[in-house]
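One structure below.
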Amino acid sequence: MALVKSVESMGDALLRSPDGLQHVPALTDVVTSGKSADASLLALASLLAFFRARIEGGELLDMENDAGDDGTEDAKEMDAYAKWLRTRLVAFRKATRDVLRGAAPASAQLQTASLEAALQLSAAEGEAAGTGLAAGTFRTALRAHIVDSPGGYDPAAVGVSAALRALADRHLSSAPDVRLCYCRAVARLAESLSESTDSAAASRVLRAAALVPGEVSDDMMSLEQMLAPPDADALVAKSDKKVRRKRKLAVPALDTIEQRKAFGDMWVMCLRHLPLDAAGFKFALGRITSKVIPHMNSPLALAGVLFECYDKAAGMDDADVVPLLALEGVYALVAKHRLHVPDFYDRLFTLLTPAAGACTHRARVFQLLDLFFRTGHMATYAAAAIAKRCASLALTSPSVVSTTCWLALAHNVLRRHPAAVQSLLDKPLSDADTERRERKRRKREIAEAEAEAEAEAASGASTATPKSSAHGTMRRFDGMASSLWELQALRTHHHPVVCQLARKLLEDEKLCARVGIKGGGSVDVDVYQLALVTYASLDADEVWRASRSKGASALSSLSESSRCDLPGWSM
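If you're matching positions, the sequence shown starts at 29 in this note's numbering and goes up one per residue.
This is the structure in structure tokens:
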């Protein structure tokens, strides 16, 4: 309590009289002392008000320009005061950075106040210099808090500190200059971590980027329209957009295009440069389709970055859904922004593996696969190869649920592409023809692999790029020359659900209703709901169905025998 009163008196003296300048070093020490949270907050507020008044009054700029012009005593005193004031301002900034990076003991409230102080100092410096919010000062404070801080982040808050959360709630949705500077600062931080291996710092930068709202608020738009000067005459009013744009005030923070560009560049930098792990990629790519692409000026700039994420996730552990999430973003660009990706389905075909049906996010994986195969512009050979691959995976899958999911996915692909049905289902399923086709296909794959290896050896390339290895995969698979003999094999599956699904999936809707999904021969099967079914629930349904049928037959036989054994009694 005594320390709080002492700090309060020193702060009043600092703001009211020139004699209070002697208290600046003591107040700076109190900020980082950690003895009392209330005293640290009071000292921080007093120092912020003092330095902000000096900056807004132009004293620091005037001293830098005018000090030392002549050799008079007044000039020497002014020069000494300017040096002292700049030294104390640097010390105050260092104290706030120590609080933000966790080098000094501080509470969450003090960290929030320190980040707010850094923001206000940056705004005051930019306003005094006429350049807007000082990006360098603000970026330094953000780096100290996000990158250099080993602690101060609550895992329950999904990697976002209380200070960043408060900053986002107060300014990012209402202050256009703070939002623009924040996006640019986070982009620079992400670029600075390109050579780092600290996944924790990268995750914090990514969570900081996720705090920025995608849409520019209506208040920013109305402020832009209010500050834009009206056209001088009718000729200018009828001129093109470039001429009218030059006549407006050059305020980047009030420019919607600049805001959207900074927002898009921030996410491109985060995905390209941050050393993210599998969890970070899942978090980032899960937001791309719905919360990033609709708010970018040029969404096609994400195409190369998404393919880079696809390639990076290939060698990661526990990254089963990451390639699919990357392709989901590419699919959104293809469907809504006319992106041309010749090898999109080749890349997708390489993800049809047994691991996809046994991963943790199985329902999400099958939902995305069903979404990708929904288009009617897929080539017939691609649809045939995908349906054949899904049927093969259903036959070799050790899980009953995965088997039903692969079968349902094959059914949806065949229903949406009738030409593939004719090529796969209208062939005779003789063993001799099937065996002959399989031998030809294996010979062709071996010959192409040998030719590709010779070409790589001749060109001096040690390994093939992911694109070249995926290109032409479905053509080598040659689904058009094969048939769905797997359905015939699955009719004798050990599980009754799979057995009946293989028999009646293309023509009967009763089985789909029995296992709790919507679908059948005339409509698509909801693969997502089917993937949520567990083996225990399938067994429970089968036991209930069997017991119901057996119980009914037992009761009927008992009623017939009871009439003979117990005359005069009725059941």
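Even glycine gets a Cβ: it sits at the ideal position worked out from N, Cα and C.
Work out the CA separation of Leu55 and Thr124 for me, nearest whole Å.
Looking at the backbone, the Cα of Thr124 and that of Leu55 are separated by about 12 Å.
Taking DSSP as the reference, what is the three-state secondary structure of His521?
In this structure, His521 counts as coil in the three-state DSSP scheme.
Quick check on DSSP: helix, strand or coil for Pro351?
Three-state DSSP puts Pro351 in a helix.
Going by other Cβ atoms of all chains shown within 10 Å of its Cβ, with 16 needed for buried, is Arg366 buried or exposed?
That one is exposed.
For Gly86, which of helix, strand or coil comes out of DSSP?
Three-state DSSP puts Gly86 in coil, outside helix and strand.
Cβ shell of Leu43 (< 7 Å), same chain only, five flanking positions each side left out:
Cβ within range, chain order: Ser74, Ala77, Phe78.
Along the alpha helix (DSSP H) that carries Val369, what are the first and last residues, could you check?
Unbroken run through Val369: none, as it is neither H nor E.
Taking the alpha helix (DSSP H) that Ile321 belongs to, which residues open and close that run?
Where Ile321 is concerned, there is no enclosing alpha helix (DSSP H), given that its DSSP letter is neither H nor E.
For Ala238, collect the residues of the same chain with a Cβ closer than 7 Å to its Cβ; drop the 5 residues on either side in sequence, then sort them by chain order.
If the five residues before and after Ala238 are omitted, its C-beta is found closer than 7 Å to the C-beta atoms of Arg315, all from its own chain and listed in chain order.
Going by other Cβ atoms of all chains shown within 10 Å of its Cβ, with 16 needed for buried, is His368 buried or exposed?
His368 is classed as exposed because its beta carbon has fewer than 16 other beta carbons within 10 Å across all chains shown.
Could you check what DSSP says for Pro426 in three-state terms: helix, strand or coil?
It is coil, neither helix nor strand.
First through last residue of the alpha helix (DSSP H) which encompasses His199:
In the DSSP assignment, His199 falls outside any alpha helix (DSSP H) and carries neither an H nor an E.
Distance, Met406 Cα to Pro426 Cα:
Taking the straight line joining both Cα atoms gives about 30 Å.
Can you give me the start and stop residues for the alpha helix (DSSP H) that Ala396 sits inside?
The sequence given here has Leu at residue 396, not Ala. Segment 390-400, the alpha helix (DSSP H) holding Leu396.
Once you ignore the five residues that flank Leu143 on each side, which residues in its own chain have a CB closer than 7 Å to its CB?
Cβ neighbours of Leu143 within its own chain (closer than 7 Å, five residues either side excluded): Leu128, Ala169, His173, Ala191, Leu195.
Close Cβ partners of Ala447 (< 6 Å) along its chain, the five nearest in sequence each way excluded
Cβ within range, chain order: Thr408.
Looking at the unbroken alpha helix (DSSP H) that takes in Cys298, where does it start and where does it end?
DSSP places Cys298 inside the alpha helix (DSSP H), whose first and last residues are 284-301.
Mind reading off the beta-carbon distance from Lys63 to Leu113? Whole number of angstroms is fine, and I expect it under 8 Å.
Lys63 to Leu113, Cβ: 26 Å. No contact.
To which residues of the same chain is Cys527 closer than 8 Å at the C-beta, ignoring the five residues directly before and after it?
Leu518, Arg519, Thr520, His521, listed in sequence order.
Determine the burial state of Met29: buried for a count of at least 16 other Cβ atoms within 10 Å of its Cβ, exposed for fewer.
In the assembly as shown, Met29 is an exposed residue. Its beta-carbon has fewer than 16 other beta-carbons within 10 Å.
Pairwise C-alpha distance: Leu282 and Arg273:
For Arg273, the predicted structure reports a pLDDT of 49, less than 50, and the residue's modelled location is therefore unreliable. A value from the coordinates is still provided. Each residue's Cα considered, the two are about 13 Å apart.
Does DSSP put His173 in a helix, a strand or coil?
In the three-state reduction of the DSSP assignment, His173 falls in the helix class.
For Ala67, which residues from the same chain have a beta carbon less than 6 Å from its beta carbon, with the 5 sequence-adjacent residues on both sides left out?
Only Leu31, Val32, Val35, Val58 meet the Cβ criterion.
What is the DSSP secondary structure of Pro46, counted as helix, strand or coil?
Collapsing the DSSP output to three states places Pro46 in a helix.
Check whether the Cβ atoms of Ala132 and Thr60 sit closer than 7 Å, and answer yes or no.
The beta carbons of Ala132 and Thr60 sit closer together than 7 Å.
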